[in-house]
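Visitor:
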Amino acid sequence: KNVTLTLFEDGKDIFEEQGEMLFTHFGISGPLTLSASSHLGDMKKHKYHAEIDLKPALSEEQLYDRITRFALLANHAAQGALVKLLPASMQPVMVARWGIDPATKANQITREQKRELVRLMKHWNVPIDARGDLAHAVITSGGVSVREVDPRTMQSKKALAYFAGEVLDVDAYTGGYNLQIAFCTAQSFARNLDETSQSR
Numbered sequence: 002k003n004v005t006l007t008l009f010e011d012g013k014d015i016f017e018e019q020g021e022m023l024f025t026h027f028g029i030s031g032p033l034t035l036s037a038s039s040h041l042g043d044m045k046k047h048k049y050h051a052e053i054d055l056k057p058a059l060s061e062e063q064l065y066d067r068i069t070r071f072a073l074l075a076n077h078a079a080q081g082a083l084v085k086l087l088p089a090s091m092q093p094v095m096v097a098r099w100g101i102d103p104a105t106k107a108n109q110i111t112r113e114q115k116r117e118l119v120r121l122m123k124h125w126n127v128p129i130d131a132r133g134d135l136a137h138a139v140i141t142s143g144g145v146s147v148r149e150v151d152p153r154t155m156q157s158k159k160a161l162a163y164f165a166g167e168v169l170d171v172d173a174y175t176g177g178y179n180l181q182i183a184f185c186t187a188q189s190f191a192r193n194l195d196e197t198s199q200s201r
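Numbering-wise (this note's numbering), the sequence shown opens with residue 2 and increments by one.
(1) Quick check on Asn3: does DSSP put it in helix, strand or coil?
(2) In the DSSP assignment, the alpha helix (DSSP H) including Val94 goes from what residue to what residue?
(3) Taking DSSP's pairing of strands, which residues face Asp14 in a bridge?
(4) Below 7 Å between beta carbons: does that hold for Glu17 and Thr7?
(5) Leaving out five residues before and five after Gln92 in sequence, what residues of the same chain have Cβ atoms less than 8 Å from its Cβ?
(6) Opposite Phe24 in the DSSP bridges: which residues?
(7) Can you tell me which of Leu180, Ile68, Phe164 puts its alpha carbon nearest to the alpha carbon of Ser189?
(8) Can you tell me whether DSSP reads Val168 as helix, strand or coil?
(9) Below 8 Å on the Cβ atoms is my guess for Tyr65 versus Val119; work out the distance and round it to an integer in Å.
(10) Pick out the complete alpha helix (DSSP H) segments inside the region 99 to 187, 4 residues or longer, and give them in chain order.
(11) Please name the residue or residues paired with Gln19 in a DSSP beta bridge.
(12) According to DSSP, His40 sits in a beta bridge with which residue or residues?
(13) With distances taken Cα to Cα, identify the nearest neighbour of Lys123 among Val147, Met95, Ile101, Gly12.
(14) Within 10 angstroms of the Cβ of Ala107, are there 16 or more other Cβ atoms? Answer buried if so, exposed if not.
(15) Rounding to the nearest angstrom, what Cα-Cα distance links Ser90 and Ile129 in this structure?
(16) Run through DSSP, which three-state label would Ala207 get?
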């Protein structure tokens, strides 16, 4: 909770937002990841990576001070020093990436090692080499162009057909917006049917 995810395309940041995300067995997910994924282009032409700030409310110096206080107070092993900083499931992962001996006592952690921990927590790097599969998708992009549909009736301008919801090339971030699109376009279609039936 309360992390900042920044998405980079060829080294340039193209998306940044604070909120919630998940680390899963297949990659990253959650609201932030879903929003960021809508900015992914052709993955054969571009290189992508995400950078996660696990403590966006703290500057690097503030985080360093907090780590130092915990280390001085605790005579735990390195992982124990992370108890107040990270969820339990992420603590061993952080220690592994940190490269420190897990048996190192917290009060033996050097200044350089603390700085490296700060860097990892403020700039947790996740390379992105593929999108998730359709089974895990929440929102779809693409579809029938809205330029080809009458917004009052949702009737196609090219054929005797009607389109609504995710069939249309309209998508938004998570948070109920895509449901709202589906409801509104369906309502336009339904109202047209009602008016047509009353006029006959």
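Even for Gly, the Cβ is constructed at its ideal location relative to N, Cα and C.
Note that the structure is a prediction, hence the values are computed from the model and not measured.
Guide: With the structure as the only source:
(1) Here residue 3 is taken as the residue at index 2 of the sequence shown, counted from 1. Looking at Asn3 - three-state DSSP - the assignment turns out to be coil, as it is neither helix nor strand.
(2) Taking the sequence shown and counting its residues from 1, the one referred to as residue 94 is at position 93. In this chain, the alpha helix (DSSP H) harbouring Val94 covers 92 to 99.
(3) Translated into positions along the sequence shown, residue 14 becomes position 13. Answer is Phe9.
(4) Position 16 of the sequence shown, counting from 1, holds the residue named residue 17. Position 6 of the sequence shown, counting from 1, holds the residue named residue 7. Their beta carbons are under 7 Å apart, which means Glu17 touches Thr7 by this criterion.
(5) What you label residue 92 is simply residue 91 of the sequence shown in a count that begins at 1. The residues are Gln80, Leu83, Val84.
(6) Within the sequence shown, residue 24 is the residue found at index 23, counting from 1. Looking at the DSSP assignment, Phe24 forms a beta bridge with Ile29.
(7) Within the sequence shown, residue 189 is the residue found at index 188, counting from 1. With distances taken between CA atoms, Ser189 lies nearest to Phe164 out of Leu180, Ile68, Phe164.
(8) The count along the sequence shown starts at 1 and reaches residue 168 at position 167. In this structure, Val168 counts as helix in the three-state DSSP scheme.
(9) Translated into the one-based positions of the sequence shown, residue 65 becomes position 64. Translated into the one-based positions of the sequence shown, residue 119 becomes position 118. So it is a contact: roughly 5 Å between Cβ atoms.
(10) Those alpha helix (DSSP H) runs which fall completely within the region 99 to 187 and span 4+ residues are 112 to 123.
(11) By 1-based counting over the sequence shown, the position of residue 19 is 18. Its beta-bridge partners are Thr5.
(12) Mapped onto the sequence shown, residue 40 falls at position 39. None; His40 has no bridge partner.
(13) The residue given as residue 123 occupies position 122 in the sequence shown. For Lys123, the nearest C-alpha among the options comes from Met95.
(14) The residue you call residue 107 lines up with position 106 of the sequence shown. Label assigned to Ala107: buried.
(15) Locating residue 90 in the sequence shown gives position 89, where the first residue counts as 1. Locating residue 129 in the sequence shown gives position 128, where the first residue counts as 1. Cα to Cα, the separation comes out at about 22 Å.
(16) Since the first residue shown for the chain is 2 and the last is 201, residue 207 is missing from the structure and cannot be characterised.
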